[in-house]
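J.:
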Amino acid sequence: MKSDIEIAQSCKMEPIYKVAEKLGLKEDDIDLYGRYKCKISLDILKKNSEKDNGKLILVTAINPTPAGEGKSTVTVGLGDALKRKNKNVVIALREPSLGPVFGIKGGAAGGGYAQVVPMEDINLHFTGDMHAITSANNLLCAAVDNHVQQGNPLKIDVRRIVFKRVMDMNDRVLRRIVVGLGGKPNGFPREDGFMITVASEIMAILCLANDLMDLKERMGKILVAYNLDGEPVYCKDLKVEGAMALLMKDAIRPNLVQTLENTPAIIHGGPFANIAHGCNSVLATKTALKLSDYTVTEAGFGADLGAEKFFDIKCRYGNLKPACTVIVATVRALKHHGGVKKADLNTANVDALKNGIENLGKQIENVKKYGVPVVVAINKFITDSNDELDFIEKYCRDLGVRVSLTEVWEKGGEGGLDLADNVLDIIENENSDFKYIYDEKKTIKEKLETIAREIYGAEGVTYTTAAEKQIAELEKFNLDRLPICVAKTQYSLSDNPSLLARPKGFYITVGEVRVSNGAGFIVALTGNIMTMPGLPKVPAAEKMDINQDGSIIGLF
775 MKSDIEIAQS CKMEPIYKVA EKLGLKEDDI DLYGRYKCKI SLDILKKNSE
825 KDNGKLILVT AINPTPAGEG KSTVTVGLGD ALKRKNKNVV IALREPSLGP
875 VFGIKGGAAG GGYAQVVPME DINLHFTGDM HAITSANNLL CAAVDNHVQQ
925 GNPLKIDVRR IVFKRVMDMN DRVLRRIVVG LGGKPNGFPR EDGFMITVAS
975 EIMAILCLAN DLMDLKERMG KILVAYNLDG EPVYCKDLKV EGAMALLMKD
1025 AIRPNLVQTL ENTPAIIHGG PFANIAHGCN SVLATKTALK LSDYTVTEAG
1075 FGADLGAEKF FDIKCRYGNL KPACTVIVAT VRALKHHGGV KKADLNTANV
1125 DALKNGIENL GKQIENVKKY GVPVVVAINK FITDSNDELD FIEKYCRDLG
1175 VRVSLTEVWE KGGEGGLDLA DNVLDIIENE NSDFKYIYDE KKTIKEKLET
1225 IAREIYGAEG VTYTTAAEKQ IAELEKFNLD RLPICVAKTQ YSLSDNPSLL
1275 ARPKGFYITV GEVRVSNGAG FIVALTGNIM TMPGLPKVPA AEKMDINQDG
1325 SIIGLF
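Throughout, the working numbering is defined as the position within the sequence shown, counted from one, plus 774.
(1) What residue range is occupied by the uninterrupted alpha helix (DSSP H) comprising N1001?
(2) Put G885 into one of helix, strand or coil per three-state DSSP.
(3) Curious, which full-length beta strand (DSSP E) runs of at least 3 residues does the region 1038-1119 contain?
(4) Thinking C-alpha only, which one of K1154, V1056, I1156 is nearest N1093?
(5) Shorter than 8 Å from the beta carbon of V1150 to some beta carbon of chain D?
(6) So who's on the other strand from G1234, going by DSSP bridges?
(7) Assign R1288 to buried or exposed, taking buried as 16 or more other Cβ atoms, counted over all protein chains shown, within 10 Å of its Cβ.
(8) Whose CA, out of V1260, E1249, A866, S1268, lies closest to the CA of D1059?
(9) Are the Cβ atoms of D805 and F1330 separated by less than 8 Å?
(10) Mapping the DSSP letters down to three states, classify E824 as helix, strand or coil.
(11) In three-state DSSP terms, what is Y1212?
(12) Helix, strand or coil for E1286? Go by DSSP, reduced to three states.
(13) Span of the beta strand (DSSP E) holding Q1032?
(14) What are the start and end residues of the beta strand (DSSP E) that includes N1153?
(15) Is the distance from the Cβ of L982 to the Cβ of A1314 below 8 Å?
(16) Taking buried to mean at least 16 other C-beta atoms within 10 Å of its own C-beta, is H1042 buried or exposed?
(17) What first and last residue would you give for the beta strand (DSSP E) that runs through D931?
(18) Can you tell which of K1128, E1184, G1145 has the C-alpha that lies nearest to the C-alpha of D1164?
(19) Nearest CA to the CA of D1086: which residue from A835, L1256, M1318, L914?
(20) By the DSSP assignment, the beta strand (DSSP E) with I1258 in it spans what residues?
(21) Give me the Cα-Cα distance between F1280 and I1049, rounded to the nearest whole angstrom.
(22) Return helix, strand or coil for A1298, following the three-state DSSP convention.
(23) Where does S846 land, buried or exposed, given buried means 16+ other C-beta within 10 angstroms?
(24) Is it true that the CB of A1025 sits closer than 8 Å to the CB of A1151?
(25) Does DSSP put K1366 in a helix, a strand or coil?
(26) Looking only at its chain, what residues have a beta carbon closer than 6 Å to the beta carbon of H1111, apart from the 5 residues adjacent to it on each side?
(27) Find the nearest neighbour of Y1212 within the set G1004, M1306, K1083, judged by alpha-carbon distance.
(28) Where does L1134 fall in DSSP's three states?
(29) Looking only at DSSP bridge pairs, what is F968 linked to?
(30) Please list, in chain order, all residues of the same chain as N837 whose beta carbon is under 8 Å from its beta carbon, the five residues on each side excluded.
(31) Can you tell me the Cα-Cα spacing of Q889 and R868, whole angstroms?
(32) Less than 8 Å between the beta carbons of E1015 and G1186, yes or no?
(33) Would you mind reading off the limits of the alpha helix (DSSP H) that contains T847?
(34) Is A1122 helix, strand or coil when you go by DSSP?
(35) Give me the Cβ distance between A1232 and A1241, rounded to the nearest whole Å; I'm assuming they're in contact under 8 Å.
(36) Quick one: grab the DSSP three-state call for K1128.
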C-alpha cells in the first residue's frame, strides 16, 4: 500500500472556496491561504448566533503505544462515513506540532485513506499559527528580562520568573539553560528553560478564548513572576498584552481544509494532552457546530487525559455538551497492555488481550462517569486475527457497550459506515446526561484526589514538599479555584509508564503545581513528565527529503 504522503499527493482536492461554499460561507467569510487552505472569519459565530448547534461527537482512545493508535484517523474516517450517509458534517482537529512530526509519533492529520489535506502543509507550517503563538510567548519573555535590565520598577525577583520561552521543536538541551551571560549589556544571568510551543499557556489561551478581546484579557492575566516581596507579577503589569494580541490576530481564526473525500475539516490549536489540555480550540468547535449538523472532534491520547480535560476544561469554558463519545482501541495496544513486547505485537495472542483488555474497560467506565453514551471503535490493522477481533467485540458487548470494527485507514469513509450507524443511533435514541467530574471551586487537593481516584483508579495522591508550598501560595493569592490540568504520561492510567493495563494500588505523585491563570486552569505535573520533549535515537527527520521539483518525500 502507498505511504500516507503518497496517498495524500495522489488525491484530488477541491479548491477551498468550494469546500467553504458547502458550509454556507461566502467570499467575505474567508481569507485564502493558497488554493487549499483558508481562515474563517470570527463573525461567523455572530451571524449564526440564532442557529441551533449541531451534535458534538468526541473521539478519544485507550492508553496508546508510542506509535499512536489512529485516533485522528478514526476521527477523519468517521466524518467521511457520515458524509457518505448524506449528513452535514464538519471535522474539528488539532494542528500538528513540528516536535512529533520530526520526532517519533508523526503528525495529527490522520493516515491511510482517512486523512486531512494538504497533508504536507498541515504538518509543517500550515497557516503560521504555531509561529504566532511562539512569537507572542517569547515577546512576553523578552519584556520580562528587559524590564529587569531597565531598572526593574516592578521589583521582579529574577529567581522567581515562572514564564518560560518556547519553540516548536523537540530539543532536550533547552530544558534547563542559563541566560544573560556575557556581562552587563546582556542582562542578569539566571537559570531559565524552554518548553515546546504546544505546552505554552499562549496555546491554551488560544484554544479557550471566545474572541480576540477575550484572548487579550486572558493574556494580561498570565502570571509571569513573583516580586521581591513575594507578590505575583502579571503580564498586564508589563503592558505587552496588546502587542501579544496583535501577533495573534490571524492565529485566533480557525483554519478550514478538507479530507481526502472533500469533507470539510476545521483544524485549529494543538496543545498536547499529556502536558497541556489536549483539545482543539473552542472557537473551532463552536464554528463547526454552527456550520454543521454533526461535528466530529478529538481529544489527545487516552480518555484518562484528553477526554477528561475535554469534559472538565474545554466543555466547562465552552459550554459544550457532547452527545456521544467514541473510544478507539487497537488489538496491538491491548496486547501491549497485556505484556507483549513491541517486536511481537503483530503475532496473534488472545491470552495477552485478556490481560490487557481491562485498560479499555477502565476507559469505558471513565467516559460513562460523565454521563455520555459510548461506542468502541476497533481500529483494524492488517495483522489482527479474527480471534483477537472477536474477543474485543465480545468483551464490549458483555459490558453492554456498542462496538464497531473500523477499516478507515484502508477504505476511508466506507470503512467507517458501521461506526457511523452506531453513532447516529446513539444520538437519536440515547440521551447524553453530561456532567463534570468535580466542582472547580473545590480545593486543589480535592480536585486532584477526584481525578486520581475516579479517572486513573489510584489509591490517592502524594505531594512533594515543593508542590505543597506551591499549592499554599496559589491558595494565598486566590488562584486555586480553577479546573485542574494534570500533566501525566499517556502510556499508563498511572503516572508510571511501565504500569500497563489497569493498575491497582498505586498513588499519583505531584511534583509541581503552577497556575495558567490566563488560560484558566491549574497545571499539576506528575511522574517524570517533561514540557520539552527530546528527539529519539533515530528521528523521523532522517527519513525526510525534498526533491528538485519541490516534492516532499518520507514525511509519513
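Where a beta carbon is used, it is the ideal one built from N, C-alpha and C, also for glycine.
T.: So, from the data block:
(1) No alpha helix (DSSP H) contains N1001, which is instead part of the beta strand (DSSP E) from 997-1001.
(2) Of the three classes helix, strand and coil, the one that applies to G885 here is strand, per DSSP.
(3) Qualifying beta strand (DSSP E) stretches, in chain order: 1038-1041, 1068-1072, 1096-1103.
(4) When each option's Cα is compared against that of N1093, the closest is V1056.
(5) This model lacks chain D altogether; it includes just one protein chain.
(6) BP columns for G1234 point to Y1281.
(7) Its Cβ being crowded by 16 or more others within 10 Å, R1288 is buried.
(8) Checking the displayed sequence, the identity of residue 1059 turns out to be Thr instead of Asp. Of V1260, E1249, A866, S1268, the residue nearest in Cα terms is A866.
(9) Cβ distance not < 8 Å, so D805 and F1330 don't count as in contact.
(10) E824: coil per DSSP, three-state reduction.
(11) Coil.
(12) It is a strand residue.
(13) DSSP places Q1032 in the uninterrupted beta strand (DSSP E) bounded by 1029-1033.
(14) Segment 1148-1153, the beta strand (DSSP E) holding N1153.
(15) Result no, Cβ atoms of L982 and A1314 do not sit closer than 8 Å.
(16) Around the beta carbon of H1042, 16 or more other beta carbons sit within 10 angstroms, so the residue counts as buried.
(17) Its beta strand (DSSP E) spans residues 930-935.
(18) Across the set K1128, E1184, G1145, the C-alpha of K1128 shows the shortest separation from the C-alpha of D1164.
(19) Closest by alpha carbon: L1256.
(20) From DSSP, the beta strand (DSSP E) with I1258 extends over 1258-1261.
(21) Their Cα atoms are separated by approximately 21 Å.
(22) Correct three-state label for A1298: strand.
(23) S846 comes out buried.
(24) For A1151 and A1025, no; Cβs fall outside 8 Å.
(25) Nothing can be reported for residue 1366: it is not among the residues displayed for the chain, which extend from 775 to 1330.
(26) Excluding five sequence positions before and after H1111, the CB atoms of its chain that fall closer than 6 Å to its own CB belong to G1130, N1133, L1274, A1275, given in chain order.
(27) Closest by alpha carbon: K1083.
(28) Reduced to three states, the DSSP call for L1134 is helix.
(29) DSSP, once it has assigned bridges, lists R939 as partnering F968.
(30) Excluding sequence neighbours, N837 sits near F1075, G1076, D1078, A1107, H1111, N1133, Q1137, Q1264, Y1265, S1266, L1267, L1274.
(31) Each residue's alpha carbon lies about 13 Å from the other.
(32) No. Outside cutoff.
(33) Element bounds for T847: 845-858.
(34) Secondary structure at A1122: coil, using DSSP grouped into helix, strand and coil.
(35) Contact between A1232 and A1241 does not hold, since the beta-carbon distance rounds to 16 Å and is not under 8 Å.
(36) Reduced to three states, the DSSP call for K1128 is helix.
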